[in-house]
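Under our numbering, read the sequence shown as residues 1 to 447, first letter to last.
Ideal placement from N, C-alpha and C gives every residue a C-beta, glycine not left out.
As the structure is a prediction and not an experimental result, all values here were calculated from the model.
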Amino acid sequence: MLSNLNSGHSQQAKFNLVQVKGTWIRQPEQSQLAEGKLSDAEISQNKSENGLLWTVVSPIIFSYRVIQCRNILDPGNDTLLWGHLGDEELKGTLSNSKPLRRFVVIDETVNHLYGSQVAQYFKARKTVCKILPLPTTEENKGLELVTRILEQVHEFGIDRRSEPIIAIGGGVCLDVVGLAASLYRRRTPYIRVPTTLLSYVDASVGAKTGVNFAGGKNKLGSYVPPVATFLDRSFFQTLPPRQISNGMAEMLKMALMKHRGLFELLEAEGRKLLHTKLQSCESNNDVSEHEDCATASTRIAIETMLEELAPNLWEDDLDRLVDFGHLISPELEMCVLPALLHGEAVNIDMAFMVYVAHQRGLLTADEKERIVQCMLGLELPVWHQDCTLALVQKSLRERVKHSGGSVRMPLPTGLGQAEIFHDMIEDNILHQAYQKWTDELSDSGNK
Ligand SMILES: NC(=O)c1ccc[n+]([C@@H]2O[C@H](COP(=O)([O-])OP(=O)(O)OC[C@H]3O[C@@H](n4cnc5c(N)ncnc54)[C@H](O)[C@@H]3O)[C@@H](O)[C@H]2O)c1
Ligand SMILES: [Zn+2]
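Pasting the structure below:
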């Protein structure tokens with residue numbers, strides 16, 4: 001019945017929308033437009049003997065700022081308070097004499113380490129501030145935390161036009177606060193301040209929010225980007241080394257997929273970056289000086305990530321290079337929980353896929369070896385006993401199910417370049433790659 005509305009003897013018309021004196025009016029597409037504000041939206045209409053069909057096309061634009069800065073908690077630094085605003089908006093806001101207010105959600109561990117600085121910052125900036133520390137761990141990443149945040153936000157009372165909610169913590173904190181903000185009054189602006197390397201290069205730059213639900217990771221969530229993300233590497237000083245390696249895996253992913261320069265940087269300086277926790281040396285503080293490796297590697301990781309995310313913010317296009325390392329790792333991560341961190345599972349997946357790429361003739365033996373050595377230099381696991389061939393095959397089958405019947409597999413085709421393959425890996429290639437991977441790397445942890 002419905003399909004008849006689109007076909008047969010229907011009359012079709014398309015309309016633009018123009019706002020004249022506060023009223024939106026439809027105007028046939030071909031006609032001379034009335035003077036007024038023209039919307040990007042369109043309404044088309046199909047009329048047939050079966051009824052009437054309207055199709056609304058309403059483009060929605062998201063714009064958000066990602067700012068790499070230093071000393072974000074220094075009261076002399078405006079970023080935390082005003083970094084989300086452009087110059088014009090800031091002028092308007094500063095001319096307003098309303099007292100400043102901010103609602104801040106902070107990871108409990110981060111609160112122990114930096115909470116007093118956060119409180120000091122807002123005190124010095126004469127801002128009324130509610131700081132809510134929460135145990136934002138993976139086990140707690142559920143709707144309950146979202147509800148707790150919403151209740152407190154409601155009690156504090158925020159002006160959703162001018163008082164963004166601020167999240168300070170790792171990926172769990174940023175994801176949970178993002179979801180709460182996307183629900184409160186249907187969409188309240190929020191700001192992300194990542195304090196782990198993984199969330200700095202990954203969770204903080206995109207639009208995804210979420211919590212775990214019904215035993216599934218991030219099963220509930222939304223695609224609502226923050227108004228701004230403020231990136232300050234000094235938080236990494238208090239991270240355990242394993243958390244640094246964890247984030248390095250996502251940086252290596254971007255390097256392998258699309259940036260040979262970043263790969264070479266991680267290959268040559270990976271160990272040093274790890275041991276200095278990506279801090280710049282003091283002598284390099286002068287911004288006019290040559291960019292140091294910590295600054296360059298994080299900048300490139302962010303830029304390459306933004307290039308892949310911005311045109312596909314809602315992940316409508318299933319051909320995503322950023323999915324490299326994320327085909328087998330979700331199964332593996334859930335199966336060994338909590339033995340492997342996310343980036344570690346991703347790295348094991350990438351190491352296996354490097355063997356697949358080699359077996360397919362996409363990578364030379366030398367390139368394969370360099371990648372594995374780079375991974376080891378970053379102190380990342382490259383093999384895992386629970387990553388069995390059966391698990392690999394199951395993950396690939398699952399993948400086909402969830403991506404419209406064809407596998408979409410990003411594979412490296414050189415150092416810093418990749419392609420997305422739509423054909424299933426042949427069984428014999430998969431077996432040979434798996435065998436070689438196990439023969440060569442199964443004792444890598446003991447080296
Ligand atoms: N939204 C996205 O696009 C996206 C992308 C990647 C990952 N994620 C999500 O992010 C989560 C993983 O993020 P994560 O690795 O940051 O984990 P996390 O948030 O659990 O943080 C890891 C640990 O580090 C501690 N911590 C945080 N900052 C610290 C600091 N500066 N010093 C000392 N300790 C600190 C935390 O308390 C926690 O114990 C997962 O839930 C994942 O689903 C989301
Ligand atoms: Zn990831």
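Grouping DSSP H, G and I as helix and E and B as strand, with all else coil, what is residue i?
{"i": "Phe421", "result": "strand"}
{"i": "Tyr223", "result": "strand"}
{"i": "Leu2", "result": "Confidence is the limiting factor: at Leu2 the pLDDT is only 49, short of 50, which leaves the residue's position unreliable, though a coordinate-based value still follows. It is coil, neither helix nor strand."}
{"i": "Glu108", "result": "helix"}
{"i": "Ser288", "result": "Interpretation of Ser288 is limited by its pLDDT of 45, a score under 50 that renders its predicted location unreliable; the figure taken from the coordinates is listed afterwards. If DSSP states are grouped into helix, strand and coil, Ser288 belongs with coil."}
{"i": "Phe230", "result": "strand"}
{"i": "Arg26", "result": "strand"}
{"i": "Arg160", "result": "coil"}
{"i": "Ser10", "result": "coil"}
{"i": "Arg320", "result": "coil"}
{"i": "Asn312", "result": "helix"}
{"i": "Pro382", "result": "Note that residue 382 corresponds to Val in the displayed sequence, not to Pro. In the structure shown, Val382 sits in coil (DSSP, three-state: anything other than H, G, I, E or B)."}
{"i": "Val153", "result": "helix"}
{"i": "Asn347", "result": "helix"}
{"i": "Thr137", "result": "coil"}
{"i": "Gly404", "result": "coil"}
{"i": "Asp427", "result": "helix"}
{"i": "Leu416", "result": "The sequence shown places Gly at residue 416, not Leu. Of the three classes helix, strand and coil, the one that applies to Gly416 here is coil, per DSSP."}
{"i": "Phe62", "result": "coil"}
Nearest by alpha-carbon distance to residue i: which of the options is it?
{"i": "Ala357", "options": "Pro412, Leu318 and Asn347", "result": "Pro412"}
{"i": "Glu138", "options": "Lys126, Arg242, Thr79 and Gly216", "result": "Gly216"}
{"i": "Gly86", "options": "Ser63, Asp107 and Asn77", "result": "Ser63"}
{"i": "Asp40", "options": "Leu17, Ser48, Gly22 and Glu303", "result": "Leu17"}
{"i": "Leu198", "options": "Ser222, Cys173 and Leu220", "result": "Cys173"}
{"i": "Met251", "options": "Glu291, Thr196, Cys281 and Ser234", "result": "Thr196"}
{"i": "Gly36", "options": "Pro28, Ser44, Trp24 and Ile43", "result": "Trp24"}
{"i": "Tyr121", "options": "Leu100, Glu88 and Pro75", "result": "Pro75"}
{"i": "Phe236", "options": "Glu29, Leu183, Ala294 and Leu262", "result": "Ala294"}
{"i": "Ala310", "options": "Pro135, Leu33, Val66 and Ile191", "result": "Val66"}
{"i": "Pro225", "options": "Lys272, Gln417 and Leu306", "result": "Leu306"}
{"i": "Leu52", "options": "Thr298, Tyr114, Lys91 and Ser10", "result": "Ser10"}
{"i": "Met424", "options": "Gln393, Trp437, Val177 and Gln417", "result": "Gln393"}
{"i": "Thr127", "options": "Leu80, Leu313, Ser444 and Leu145", "result": "Leu80"}
{"i": "Arg399", "options": "Glu367, Thr147, Val110 and Gly325", "result": "Gly325"}
{"i": "Val227", "options": "Ala249, Gln243, Glu163 and Thr276", "result": "Glu163"}
{"i": "Pro28", "options": "Ser44, Leu337, Glu89 and Arg101", "result": "Ser44"}
{"i": "Ser31", "options": "Asn111, Ala181, Lys14 and Ser95", "result": "Lys14"}
{"i": "Cys374", "options": "Leu265, Asn428 and Phe230", "result": "Leu265"}
{"i": "Phe352", "options": "His342, Val372, Val336 and Gly343", "result": "Val372"}
{"i": "Leu318", "options": "Ala119, Val354, Ala268 and Arg408", "result": "Arg408"}
{"i": "Leu256", "options": "Val110, Ile131, Pro410 and Arg185", "result": "Pro410"}
{"i": "Arg242", "options": "His259, Glu144, Leu378 and Glu155", "result": "Leu378"}
{"i": "Leu73", "options": "Gln117, Leu262 and Gln385", "result": "Gln117"}
According to DSSP, residue i sits in a beta bridge with which residue or residues?
{"i": "Met409", "result": "Phe421"}
{"i": "Val57", "result": "Glu42"}
{"i": "Cys129", "result": "Arg102"}
{"i": "Ala167", "result": "Val105 and Arg192"}
{"i": "Thr304", "result": "Answer is none; Thr304 lacks a bridge partner."}
{"i": "Gln468", "result": "Examination of residue 468 is not possible in this model, given that the chain is present from 1 through 447 alone."}
{"i": "Lys47", "result": "Gln11 and Leu52"}
{"i": "Lys37", "result": "Gln19"}
{"i": "Val211", "result": "Leu220"}
Are the C-beta atoms of residue i and some chain D residue less than 8 Å apart?
{"i": "Asn428", "result": "Included in the structure is just one protein chain, with no chain D present."}
I believe residue i touches residue j by the beta-carbon criterion, under 8 Å. Please report the beta-carbon distance rounded to the nearest angstrom.
{"i": "Val211", "j": "Asp175", "result": "7 Å"}
{"i": "Val105", "j": "Leu134", "result": "6 Å"}
{"i": "Asp349", "j": "Leu321", "result": "14 Å between Cβ atoms; not a contact."}
{"i": "Glu367", "j": "Leu415", "result": "6 Å"}
{"i": "Ile429", "j": "Arg360", "result": "6 Å"}
{"i": "Leu239", "j": "Gln68", "result": "Rounded, the Cβ-Cβ distance is 18 Å, inconsistent with contact."}
{"i": "Asn246", "j": "Leu341", "result": "4 Å"}
Legend entry - Within 6 Å of ligand 2: residues by beta-carbon to any heavy atom: Asp202, Glu250, His326, His342 and Val346
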